[in-house]
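Input: a single structure, listed below in structure tokens.
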Amino acid sequence: MTDPSPAQRVRNLCDNIHDALNLAEHPPAPRGGQSGATSGSRPPMPVAILDAKLDLKQKLTSWALMIGEEGGFVIDCDDDTLSIAAWVYTKADWLAQHPALEDFTIEIDDCVKALRRPYASKDERRLVTLFDGAPIYAWPWEQTVRLPDGTVERTHTLREQLKGQTLDKVLAAPNVSAVLREIYDMDVPPDTIRKAGKRGNLAKHADGFRVGDVVERFATRTPRLACAQLSA
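Right, here's the structure in full:
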């Protein structure tokens, strides 16, 4: 999968704003608890979320003003964050050509993170790269990640690079299964890999199976089909 185009990155970020605000207004129930009070009332929004919402609106408004002024566009949207984000969405092609695109992406993505992280589960995180051997994780809705050396990289780019680094690895079936689950979002049990090798559907090497071969063999399968296809 290729990296999203600059314009699509802007659109994706605007969509993420919508999702983050919706999550802030309708947060998930705490684990082991119930969603909201039985009377229908909701607990007050945490101060950190209120601050994050205000910060997002202020920064998004600033960017909209820049786009309107430098691009000669009329800012014909309401004075609320969702409306402003929808307006910026329509100017994605213009913003994609602007030198400040990366600044926009990093700044607004940080705002989205501030809104979503209080409700995020560690189980949702995905491995995006290794830094000096240490795993670096990001949530699926994060467009950027800050590495330990302070640099900011696009999560999609890092994840695609990580995939490329693993394709030629030859590993035992359990390790291949773990790599597919962690990096490729594919659920292929070790026994399924072994059975494919025994039936001649997958090349077997002395040290195990090549990750790229297993990915290709099961790439068009859904997780459930990947587990069950050999029984058909």
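Numbers -4 to 227, taken from my numbering, label the letters of the sequence shown in order.
Note that the Cβ used here is the ideal one computed from N, Cα and C, for glycine as well.
Residues near THR297 by beta carbon distance below 7 angstroms, same chain, minus five either side | For residue 297 there is no data in the structure shown, the boundaries of the chain being -4 and 227.
Please specify which runs of the alpha helix (DSSP H), each continuous and at least 4 residues long, are wholly inside the segment 144 to 184, giving them in chain order.
-> 150 to 161 and 168 to 178
Under three-state DSSP, which class holds ALA198?
-> Locating residue 198 in the sequence shown gives position 203, counting from the first residue. Coil at ALA198, not helix or strand.
Nearest candidate by alpha-carbon position, reference GLY207, set TYR179, GLY128 and LYS190 = Numbered from 1 along the sequence shown, position 212 holds the residue referred to as residue 207. Residue TYR179 is the option with its Cα nearest to GLY207.
The alpha helix (DSSP H) spanning ARG141 covers which residue range?
-> Residue 141 sits at position 146 when you count from the first residue of the sequence shown. It is not in any alpha helix (DSSP H) - ARG141 instead sits in the beta strand (DSSP E) that spans 139 to 141.
Span separating the alpha-carbon of PRO1 from that of ALA201 = By 1-based counting over the sequence shown, the position of residue 1 is 6. By 1-based counting over the sequence shown, the position of residue 201 is 206. Roughly 44 angstroms between the two C-alpha positions.
Should CYS9 and ALA115 be called a contact, given that it needs their Cβ atoms to be closer than 8 angstroms?
-> Residue numbering aside, residue 9 sits at position 14 when the sequence shown is read from its first letter. Residue numbering aside, residue 115 sits at position 120 when the sequence shown is read from its first letter. No, Cβ-Cβ distance for CYS9 and ALA115 is not below 8 angstroms.
Ignore the nearest five residues each way along the sequence and tell me which others in ALA47's own chain have a CB closer than 6 angstroms to its CB.
-> In the sequence shown, the residue the question calls residue 47 occupies position 52. These residues qualify, in order along the chain: ALA109 and LEU110.
Going by CA-CA distance only, name the one from ALA167, LEU166 and THR152 that's closest to PRO(-1).
-> Mapped onto the sequence shown, residue -1 falls at position 4. Selected option, being the one with the closest Cα: THR152.
CA-CA distance, VAL5 and LEU90?
-> Numbered from 1 along the sequence shown, position 10 holds the residue referred to as residue 5. Numbered from 1 along the sequence shown, position 95 holds the residue referred to as residue 90. Each residue's Cα considered, the two are about 8 angstroms apart.
What do you reckon, are the CB atoms on PRO135 and GLU119 nearer than 8 angstroms?
-> Counted from its first residue, the sequence shown places residue 135 at position 140. Counted from its first residue, the sequence shown places residue 119 at position 124. In contact: PRO135 and GLU119 (Cβ atoms closer than 8 angstroms).
So ASN11 and VAL107 are in contact, right, with Cβ under 8 angstroms, and what is the actual spacing, rounded?
-> Locating residue 11 in the sequence shown gives position 16, where the first residue counts as 1. Locating residue 107 in the sequence shown gives position 112, where the first residue counts as 1. The pair is a contact, with the Cβ atoms about 5 angstroms apart (cut-off 8 angstroms).
Contact under 8 angstroms by Cβ, VAL171 with GLY203 = Within the sequence shown, residue 171 is the residue found at index 176, counting from 1. Within the sequence shown, residue 203 is the residue found at index 208, counting from 1. Yes, the pair counts as a contact, with Cβ atoms nearer than the cut-off.
Where does VAL69 fall in DSSP's three states?
-> Counting from 1 along the sequence shown, the entry for residue 69 is found at position 74. DSSP places VAL69 in coil when its eight states are reduced to three.
For LEU49, the nearest candidate out of ALA87, ILE131, GLY66 and THR76 (CA to CA) = In the sequence shown, counting from the first residue as 1, residue 49 sits at position 54. That would be THR76, whose Cα lies nearest to the Cα of LEU49.
Tell me which same chain residues have a C-beta within less than 8 angstroms of the C-beta of ILE188, skipping the five on either side of it?
-> Stepping through the sequence shown from its first residue, residue 188 is reached at position 193. Counting only Cβ-Cβ distances below 8 angstroms, and skipping sequence neighbours, we find ALA168, VAL171, SER172, LEU197, PHE204 and VAL209.
Candidates GLY159, PRO113, ASP186 and ALA191: closest to ALA19 by CA position = The count along the sequence shown starts at 1 and reaches residue 19 at position 24. ALA19 has its Cα closest to that of PRO113, out of GLY159, PRO113, ASP186 and ALA191.
Out of curiosity, what's the CA-to-CA distance linking GLY63 and ASP163?
-> The count along the sequence shown starts at 1 and reaches residue 63 at position 68. The count along the sequence shown starts at 1 and reaches residue 163 at position 168. The straight-line gap from Cα to Cα measures roughly 48 angstroms.
Taking the alpha helix (DSSP H) that ALA109 falls in, what are its first and last residues?
-> Locating residue 109 in the sequence shown gives position 114, where the first residue counts as 1. Residues 96 to 111.
In chain order, what residues of the same chain lie with their CB nearer than 6 angstroms to the CB of GLU177, ignoring the 5 residues before and after it?
-> Reading the sequence shown from its first residue, position 182 is the one you call residue 177. Only LEU122 meet the Cβ criterion.
Leaving aside the five residues before and after LYS86 along the sequence, list all residues of the same chain whose C-beta is less than 7 angstroms from its C-beta, in chain order.
-> By 1-based counting over the sequence shown, the position of residue 86 is 91. Excluding sequence neighbours, LYS86 sits near ILE62, GLY66 and PHE68.
Span of the alpha helix (DSSP H) around PRO130 = Position 135 of the sequence shown, counting from 1, holds the residue named residue 130. Counting along the chain, PRO130 falls outside any alpha helix (DSSP H), though it belongs to the beta strand (DSSP E) covering 129 to 133.
As assigned by DSSP and simplified to three states, the class of ARG212 | Along the sequence shown, read from residue 1 onward, the residue named residue 212 stands at position 217. Looking at ARG212 - three-state DSSP - the assignment turns out to be helix.
Please name the residue in SER57, PRO22, GLY128 and GLY192 whose C-alpha comes closest to that of TRP82.
-> By 1-based counting over the sequence shown, the position of residue 82 is 87. Measuring from the Cα of TRP82, the nearest candidate turns out to be SER57.
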